[in-house]
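Report on the structure given below.
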């Protein structure tokens, strides 16, 4: 009977360990998904930011032209 309870205990421990590994793997995956989401958001913002920079540069250029005309 002692051997049986030992085996049962080992099985339970192995089960616990695999559950723990599963949780860790899921956490890793979630972290990676979050990072990907951040990258996607950044990629979506790049064209908007480029347009803003372009606008700002045009504004600077026109400001310079105006001040030179005076």
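In full-length UniProt numbering, the protein residues as written are 1 to 70. Glycine included, every Cβ here is placed at the ideal spot set by N, Cα and C.
Inter-residue Cα distance where the pair is residue 26 and residue 12: Counting from 1 along the chain shown, the entry for residue 26 is found at position 26. Counting from 1 along the chain shown, the entry for residue 12 is found at position 12. Each residue's Cα considered, the two are about 21 Å apart.
Rounded straight-line distance, which links the Cα of residue 3 to that of residue 40: As a position in the chain shown, residue 40 is number 40, starting the count at 1. As a position in the chain shown, residue 3 is number 3, starting the count at 1. Using only the alpha carbons, I get a separation of about 55 Å.
Close Cβ partners of residue 45 (< 8 Å) along its chain, the five nearest in sequence each way excluded: As a working note, residue 45 is residue 45 in the chain shown. Nothing listed; no residue qualifies.
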